[in-house]
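Here the working numbering is used: position 121 in the sequence shown is 136, and no number is missing along the way. For every residue, glycine included, the Cβ atom is placed at its ideal position computed from N, Cα and C. This structure is a prediction, so every number in the text was calculated from the model and none was measured. What follows is a short report on a single structure.
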Amino acid sequence: MNEKPPESCPGIGSQTAGKAAPCQGCPNAAFCASGQTSNALDPAVAEIARRLYSVRNIILVISGKGGVGKSTVATNIARALAEDESVSVGLLDIDVCGPSIPKTMNLEGEEVHQSSSGWSPIFVTDNLCVMSCGFLLPSLDDAVIWRGPKKNGLIKQFLKDVDWGDLHYLVVDTPPGTSDEHMSVVGYLKQCSNLKGAVIVATPQEVALLDVRKQIDFCKRVDLNIIGIVENMSSFVCPKCEKTSIIFKPTSGGVENVCESYNIPLLGKIPIDPLIGKSCDEGTSLYETDASSPTVKCLKEIVTHIVNKCENKL
Numbered sequence: 016m017n018e019k020p021p022e023s024c025p026g027i028g029s030q031t032a033g034k035a036a037p038c039q040g041c042p043n044a045a046f047c048a049s050g051q052t053s054n055a056l057d058p059a060v061a062e063i064a065r066r067l068y069s070v071r072n073i074i075l076v077i078s079g080k081g082g083v084g085k086s087t088v089a090t091n092i093a094r095a096l097a098e099d100e101s102v103s104v105g106l107l108d109i110d111v112c113g114p115s116i117p118k119t120m121n122l123e124g125e126e127v128h129q130s131s132s133g134w135s136p137i138f139v140t141d142n143l144c145v146m147s148c149g150f151l152l153p154s155l156d157d158a159v160i161w162r163g164p165k166k167n168g169l170i171k172q173f174l175k176d177v178d179w180g181d182l183h184y185l186v187v188d189t190p191p192g193t194s195d196e197h198m199s200v201v202g203y204l205k206q207c208s209n210l211k212g213a214v215i216v217a218t219p220q221e222v223a224l225l226d227v228r229k230q231i232d233f234c235k236r237v238d239l240n241i242i243g244i245v246e247n248m249s250s251f252v253c254p255k256c257e258k259t260s261i262i263f264k265p266t267s268g269g270v271e272n273v274c275e276s277y278n279i280p281l282l283g284k285i286p287i288d289p290l291i292g293k294s295c296d297e298g299t300s301l302y303e304t305d306a307s308s309p310t311v312k313c314l315k316e317i318v319t320h321i322v323n324k325c326e327n328k329l
């Protein structure tokens, strides 16, 4: 793992920023030395980069619209990564208005705890920890009626104040769409050299793919790498006869056609599986309750593709 920046870092406002001896080896040294920092950087950006320096890979999970299973996919990506006990994983839920992770990870009722080094994430296992906006709500049934600046302020606080420690992967569950919140998240993380990109979650029908194309355009405009696209609810496999049925007919070729058109990797196709819904409702791990299912095999293949992309093996 990378070591944390030395205490002798001169800071972005210094005349020796990016040039001093402690800056050697820092991934942000070139940008700091360019002289752009005083005008281009919100001070919080440098704090966030410093806080997340010990996270090796940051992965955003995004979707063009709600209801496509983004949080379900984010949950299962994090759980699959943590199946390897030597890999430390964090799951950050910054969907301010609709935090689902406390439910999917069986952490309802948990609260944010403050320590001398920041907010402490909640550990699900020894190598999987979680932080969610939902931990700040008295009840997950409470509506969050906030305007953009207040939501962006909370997102900034979650990025700079959570004490993750050393992580191999930080999976970030974002709100649906391409809103001001997404621009803020990408802006805050752009100076983090460990931001590996975004995984887009979609369903096969054209009405969903319309928003996927907008999501792809958003990523291009903000210079956010796209790791690949996951097609969720791709088909239904009968648990009795194992026959595959198409529920949402891909009238325009589905996610596969979109991936070919934009030259984006198709990470995998997740079937409609009642066991996924059951595991998320109960906050249990599908990898423990139904380890031999085709769905688990598909999820593990998706995560293998993500890991290979992050480690530059593809």
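Can you give me the C-alpha to C-alpha distance between residue i and residue j, rounded to a whole angstrom?
i    : j    : result
L152 : V159 : 9 angstroms
C148 : S130 : 18 angstroms
I170 : I116 : 15 angstroms
K235 : E257 : 40 angstroms
T259 : I285 : 12 angstroms
I63  : V70  : 11 angstroms
A32  : A48  : 6 angstroms
N323 : K255 : 35 angstroms
V227 : E271 : 12 angstroms
K293 : K34  : 54 angstroms
P265 : D188 : 26 angstroms
L96  : D305 : 17 angstroms
Taking the alpha helix (DSSP H) that residue i falls in, what are its first and last residues?
i    : result
K211 : That residue, K211, is in no alpha helix (DSSP H); its beta strand (DSSP E) goes L210 to A217.
C295 : P289 to E297
C274 : G269 to Y277
R228 : E221 to R236
Report the residue from the options whose alpha carbon sits nearest the alpha carbon of residue i.
i    : options                  : result
E125 : S132, C112 and C144      : C144
A89  : V214, L122 and G133      : V214
G15  : V216, N240, N167 and A45 : There is no way to answer for residue 15, as the model of the chain reaches only from 16 to 329.
L122 : L96, V111, S154 and G133 : S154
L106 : V200, S250 and I92       : I92
V76  : P58, I242 and T266       : I242
C274 : F233, V245 and K34       : V245
T218 : S101, P190 and S267      : S267
L281 : N247, S132 and G113      : N247
C41  : L96, C325, L67 and P58   : L67
L225 : T299, S78 and D296       : S78
W134 : C112, P164 and G180      : G180
D296 : V201, F138, T87 and A61  : T87
C313 : K175, F263 and V252      : V252
For the beta strand (DSSP E) containing residue i, list its first residue and its last residue.
i    : result
L281 : L281 to K284
Q11  : Past the boundaries of the shown model lies residue 11; the chain is included only from 16 to 329, so the question cannot be answered.
T310 : That residue, T310, is in no beta strand (DSSP E); its alpha helix (DSSP H) goes P309 to C325.
Y184 : L182 to D188
I116 : Premise fails: I116 lies in the alpha helix (DSSP H), I116 to T119, not in any beta strand (DSSP E).
For residue i, decide whether its Cβ has a neighbour in chain B, counting only Cβ atoms nearer than 7 angstroms.
i   : result
R65 : No chain B appears in the structure shown, which is made up of a single protein chain.
Using the Cβ count rule (16 or more neighbours within 10 Å means buried), how would you classify residue i?
i    : result
Q230 : buried
S276 : exposed
Q39  : exposed
R94  : buried
M16  : The predicted model places M16 with a pLDDT of 35, which falls under 50 and marks its position as unreliable, so this point remains unresolved.
I109 : buried
Throw me the rounded Cβ distance for the residue i and residue j pair, which I believe falls under 8 angstroms.
i    : j    : result
M146 : V177 : 5 angstroms
E196 : N167 : 6 angstroms
I279 : I74  : At roughly 15 angstroms, the Cβ-Cβ gap does not stay under 8 angstroms, so I279 and I74 are not in contact.
K80  : G192 : 7 angstroms
L204 : V104 : At roughly 18 angstroms, the Cβ-Cβ gap does not stay under 8 angstroms, so L204 and V104 are not in contact.
Q206 : N43  : 6 angstroms
I317 : L301 : I317 to L301, Cβ: 13 angstroms. No contact.
N142 : V102 : 6 angstroms
Please determine whether the Cβ atom of residue i lies at a distance below 6 angstroms from any heavy atom of the ligand FMN.
i    : result
G180 : For the ligand FMN, the structure offers nothing, since it holds no ligand at all.
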